[in-house]
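Undergrad: In numbering that gives the first Met the number 0, the protein residues as written are 0 to 168. Even glycine gets a Cβ: it sits at the ideal position worked out from N, Cα and C.
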Amino acid sequence: MSTSLAELLHEQLRDLFDAQEQYRGLLPCMVENCTHTDLALRLREIQETTAQNRQDLLDVCQLLKINPDGVTCEAMQGLIRETCRSATGIDDSATMDAALIANAQRIAHYEIAGFGTASAFARCISAHEAAAALAQITERAANIDQRLTRIAQGGWFTPGINHEAAIAA
Ligand SMILES: [Fe+2]
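Quick look at the structure:
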């Protein structure tokens with residue numbers, strides 16, 4: 000059996016579509032557990048971004064004439080399991096916020112790898128419109144990752160959530 004790069008891309012897009020759907024299901028729970036105002040804003044932005052990503056992925060699937068359904072992203076299932084497990088037993092709110100950021104960044108990195116690779120595959124098979132849309136989703140995930148790092152680590156004049164969690168311990 001041989002699989003072409005186009006088929007591999009289609010499979011990966013289905014996987015990424017399911018990953019986005021799973022993440023959309025998890026985010027309301029993450030927002031609910033969050034206490035930090037800026038982090039809550041960022042998590043709501045992520046919710047809006049995943050809705051936009053979903054639509055863009057559907058457009059890409061339509062362009063490439065593939066059905067986005069039918070694949071389960073087991074990696075995202077694992078990331079969600081870990082997110083739930085790491086939140087268990089945390090009483091301190093800053094530590095909970097730090098855990099939420101850690102998990103959101105793991106997911107952002109998974110998205111950057113997945114969408115970045117899908118964009119590169121699409122470019123190689125001359126699906127340029129799809130490649131551009133997938134590059135845009137990759138960029139959104141990278142922006143989210145950078146914003147989360149800023150909230151976790153703080154800046155010159157603002158302590159980050161990690162620092163707040165450290166002094167609460
Ligand atoms: Fe996956």
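Ends of the alpha helix (DSSP H) at D14?
TA: Within the sequence shown, numbered from 1, the residue matching residue 14 stands at position 15. Here the alpha helix (DSSP H) through D14 covers L4 to N32.
Undergrad: Does ligand 1 have a heavy atom nearer than 6 Å to the CB of C28?
TA: Residue numbering aside, residue 28 sits at position 29 when the sequence shown is read from its first letter. No, the beta carbon of C28 sits no closer than 6 Å to any heavy atom of ligand 1.
Undergrad: Who pairs with P67 in a beta bridge, going by DSSP?
TA: In the sequence shown, the residue the question calls residue 67 occupies position 68. The partner list for P67 (beta bridge, DSSP) is empty, contrary to what the question assumes.
Undergrad: For S54, count the other beta carbons within 10 Å of its own beta carbon; 16 or more makes it buried, fewer makes it exposed. Which is it?
TA: Along the sequence shown, read from residue 1 onward, the residue named residue 54 stands at position 55. For the record, residue 54 in the displayed sequence is Gln; it is not Ser. Under this definition Q54 is an exposed residue.
Undergrad: Using the rule of at least 16 other Cβ atoms within 10 Å of the residue's Cβ for burial, across every protein chain shown, is N142 buried or exposed?
TA: Taking the first residue of the sequence shown as 1, we reach residue 142 at position 143. Classification for N142: exposed.
Undergrad: A107: beta carbon under 6 Å from a heavy atom of ligand 1?
TA: Within the sequence shown, numbered from 1, the residue matching residue 107 stands at position 108. No; taking the cut-off as 6 Å, the Cβ of A107 has no heavy atom of ligand 1 nearer than that.
Undergrad: Check G153 in the structure and name its three-state DSSP category.
TA: As a position in the sequence shown, residue 153 is number 154, starting the count at 1. The answer is strand: DSSP assigns G153 an E or B state.
Undergrad: Just how far apart, CA to CA, sit G113 and T48?
TA: As a working note, residue 113 is residue 114 in the sequence shown. As a working note, residue 48 is residue 49 in the sequence shown. Each residue's alpha carbon lies about 16 Å from the other.
Undergrad: Where does the unbroken alpha helix (DSSP H) through D58 begin, and where does it stop?
TA: Against the sequence shown, residue 58 aligns to sequence position 59. Looking at the DSSP string, the run of the alpha helix (DSSP H) that includes D58 is T36 to L62.
Undergrad: Please confirm whether D144 and A107 have their CB atoms less than 7 Å apart.
TA: For the purposes of this step, residue 144 is identified with residue 145 of the sequence shown, where counting begins at 1. For the purposes of this step, residue 107 is identified with residue 108 of the sequence shown, where counting begins at 1. Yes, they are a contact pair.
Undergrad: For a test of your reading of the model: does the CB of A18 fall under 6 Å from any non-hydrogen atom of ligand 1? Yes or no.
TA: In the sequence shown, the residue the question calls residue 18 occupies position 19. Checking every heavy atom of ligand 1 against the Cβ of A18, one is found closer than 6 Å.
Undergrad: Between the C-alpha atoms of A134 and G115, what's the straight-line distance to the nearest angstrom?
TA: Your numbering for residue 134 matches position 135 in the sequence shown. Your numbering for residue 115 matches position 116 in the sequence shown. Distance between the alpha carbons of A134 and G115 is about 6 Å.
Undergrad: How do the segment 67–84 and the segment 97–105 stand: do at least 3 beta-carbon pairs fall below 8 Å, yes or no?
TA: Contact holds: three or more Cβ-Cβ distances are below 8 Å.
Undergrad: Looking at ligand 1, does it come within less than 6 Å of C72, judged from the CB to the closest heavy atom?
TA: If you number the sequence shown from 1, residue 72 lands on position 73. Within the cutoff, so yes.
Undergrad: By alpha-carbon positions, which one of L147, L12, G77 and N161 ends up nearest to N66?
TA: Counting from one through the sequence shown, the residue named residue 66 turns up at place 67. Closest option to N66, Cα to Cα, is L12.
Undergrad: Is it buried or exposed for I45, if we count other Cβ within 10 angstroms and need 16 for buried?
TA: Here residue 45 refers to the residue found at position 46 when the sequence shown is read from its first residue. I45 is buried by the Cβ-count criterion.
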